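What follows is a single structure, written as structure tokens, with notes after it.
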Amino acid sequence: MIDAELIAPPPAPVPKPKPKPKPRPKPHPAPAKPAPPPSATASAEQPADVQTAAISQPDAQGAATGPTADIAEPVEPDYTIDLPPSAKLEYDVQKTPIEGQPTYGSGTIAWHQDGSRYTIDGDFGVLFITALHFHSEGTIESDGIAPELYSEKRFRRAETNAYFYRESNTIGFSTSSKSYPRTGTEQDRASIIWQLAGIGRGDETRYAPGAVFDVIVTGTRDAEPWQIQVIGREDIDFDGNTISAWHVVRAPRARSRDQRLDIWLAPQIQWYPVRLRYTEPNGDVLNMTLSDLNVSAVP
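Numbering (full-length UniProt numbering), first residue to last: 1 to 299.
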């Protein structure tokens, strides 16, 4: 778990037997049925104008209204996956609204994997408020991350969850009656970053300007196809040095109310995400820039 504290701008259980992996579009995982939805309560009094953009998604819109939604399955590539070592990553956060002054803060992502299971816990905030906590957990299969549970706790809202059910091969949600077919190829909004890192570590030739990764990504209300494009290598400042990082982009579909996500993954430091940028449809931008890295710091 991570605490994020921001300031206003100046003047990880016993591994379960692994099922036989089956080919998956984006790295394909096959998780076990998670525990029942945990209860959550909304946060206490805090300023109501803080927005929680990063990683979270807007209320489902344009998704199928029936109990089961159909989504196109991506093409199934054969990836070699080598996930990064466990680490705690600390970030400087800057939120820049389309109008008004930027605000500043900090955030943390704790990534833990033992070869059989993984957990991701993250927090970020601005203006002394923890704007979002997110959590992902599941198994690690031969072709990568296989989420079992994804949850978000946003500012002044109850926790919301997505469940990846192996027995029924469905994906369900704590706040929606909708369900989606589960093929074992899906990622969630936190795990996708680490799956991309695992693809690069497993075979960097997969990364070339113009290359595309297709995957179904699940939030806490729906699942949809993401197309992630490799832009190229760019220089990023970290710890007083300039390092080269692969810049990849997920651009939402036309007329979507979802975010654009830019990710910079640095091969020099185990393909950890050195920068994340979330751009809202209205133009608001949230930047997370790596400020400290502690490898194997997560128990």
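Backbone N, C-alpha and C fix where the C-beta goes; we use that ideal spot for every residue, glycine too.
Note that the coordinates shown come from a computational prediction; the quantities given were computed from them, not determined experimentally.
Following the DSSP letters along the chain, one finds Ala251 in no alpha helix (DSSP H), marked with neither H nor E. By the Cβ neighbour-count rule, Val230 is buried, with 16 or more other Cβ atoms within 10 Å of its own. Annotation for Leu265: the continuous beta strand (DSSP E) segment containing it runs Arg260 to Ala266.
In this structure, the straight-line span from the alpha carbon of Ser291 to that of Glu90 is close to 6 Å. Here DSSP, grouped into helix, strand and coil, assigns Gln195 to helix. At a Cβ-Cβ threshold of 9 Å, Ser296 and Pro85 count as neighbours. Just so you know, the alpha carbons of Gly240 and Leu265 end up roughly 17 Å apart. Setting aside the 5 residues that flank it on each side, Leu293 is surrounded in the same chain by Ala87, Leu89, Ile269 and Tyr272, each with a C-beta closer than 7 Å to its C-beta; the list follows chain order. Looking at the backbone, the Cα of Ser256 and that of Ala208 are separated by about 27 Å. Scanning the segment 136–165 for uninterrupted beta strand (DSSP E) segments of 3 residues or longer gives 144–154 and 160–165, listed from N- to C-terminal end. Arg182 and Val217 have their alpha carbons spaced roughly 11 Å apart. In this structure, Asp262 sits away from Lys95, with a CB-CB distance that is not shorter than 9 Å. In the structure shown, the three-state DSSP call for Glu186 is coil. Non-local beta-carbon contacts of Ile109 in its own chain, meaning distances under 6 Å to residues more than five positions away in sequence, involve Leu89 and Gly122 in chain order. For Gly283, the secondary structure class from DSSP, reduced to helix, strand or coil, is coil. Under the 10 Å beta carbon count, Gly200 is surrounded by 16 or more other beta carbons and is classified as buried. The beta carbon of Ser151 sits closer than 6 Å to those of His135, Glu159 and Asn161, all from its chain and outside the five residues before and after it, given in chain order. Taking C-beta atoms as the reference points, Glu137 and Thr119 count as a pair closer than 9 Å. Short of 7 Å from the beta carbon of Asp82, and not among the five residues preceding or following it, lie these beta carbons of its own chain, in chain order: Gly198, Arg201 and Gly202. About 12 Å separates the beta carbon of Phe164 from that of Thr220, a gap too long to meet the 8 Å contact definition. Under the three-state reduction of DSSP, Ile269 is assigned to helix.
Under DSSP, Asp92 forms a beta bridge with Ser106 and Thr289. Under a 10 Å Cβ-count criterion, Asp235 is classified as exposed, with fewer than 16 other Cβ atoms of the shown protein chains found around its own Cβ.
In the three-state reduction of the DSSP assignment, Thr205 falls in the helix class, which pools H, G and I. Counting every other CB atom within 10 Å of its CB across the protein chains shown gives Thr242 a total below 16, marking it as exposed. Nearest in C-alpha terms to Thr103, of all of Gln113, Arg117 and Val126, is Val126.
Between Glu99 and Asp237, the alpha-carbon positions lie close to 27 Å from each other.
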